[in-house]
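Asks:
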Amino acid sequence: MLPIDPARKDLVEEFRRQPFGPHSPDLQLILNRLRAEPLAGRYALVATRPKQEWIIVTLSGERGKPPEIVSETRYTDPAAAEWAIFKLRWKRATGETLSGEVES
Numbered sequence: 001m002l003p004i005d006p007a008r009k010d011l012v013e014e015f016r017r018q019p020f021g022p023h024s025p026d027l028q029l030i031l032n033r034l035r036a037e038p039l040a041g042r043y044a045l046v047a048t049r050p051k052q053e054w055i056i057v058t059l060s061g062e063r064g065k066p067p068e069i070v071s072e073t074r075y076t077d078p079a080a081a082e083w084a085i086f087k088l089r090w091k092r093a094t095g096e097t098l099s100g101e102v103e104s
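Counting in UniProt numbering, the sequence shown runs from 1 upward without gaps.
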């Protein structure tokens, strides 16, 4: 699997500024890698109120077994939800904790 260079903070900032794209080719490679985790334990967003509110979960990887809620934090801004899940995936892949909020 493609290694992620934790020094590429330029790509982190690019995602933070534009979580829905368009993304540079380098960022798209990173996103593909972060989103290609095994299903069991993969971070995902679940809409608690369609198009209005989301929570972060981890998938079980087993049919019929519900996902586990990671945090009770509820996101009403889809960009903030995407940024939060990006930070979790980045930490899992690189061991580094990212900070900051998404730009509106």
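Idealized CB from N, CA, C, for every residue including glycine.
All values reported here derive from a predicted model rather than from experimental measurement.
(1) Residue ranges of each beta strand (DSSP E) run of no fewer than 3 residues wholly in the UniProt domain "N,N-dimethylformamidase alpha subunit" (9-92), ordered along the chain?
(2) Using 10 angstroms around the beta-carbon of P6, count the other beta-carbons present and answer buried if the total reaches 16, otherwise exposed.
(3) Is it true that the region 88-95 meets the region 59-66, where meeting means three or more beta-carbon pairs spaced less than 8 Å apart?
(4) For the putative contact between G61 and L45, defined by C-beta atoms under 8 Å, what is the C-beta separation to the nearest angstrom?
(5) Here's a check: name, in chain order, each residue in its chain whose Cβ is nearer than 8 Å to the Cβ of E72, leaving out the five neighbours to either side.
(6) Pick from Q52, R49, A80: whose alpha carbon is nearest that of R17?
(7) Is it buried or exposed, P19, if we count other Cβ atoms within 10 angstroms and call 16 or more buried?
(8) Quick one: Cα of I58 to Cα of S24, how far?
Replies: This is what the structure holds:
(1) 43-49, 53-58
(2) exposed
(3) no
(4) The pair is not a contact, with the Cβ atoms about 17 Å apart (cut-off 8 Å).
(5) I55
(6) A80
(7) buried
(8) The residue you asked about is not Ile; residue 58 is Thr in the sequence shown. Their Cα atoms are separated by approximately 27 Å.
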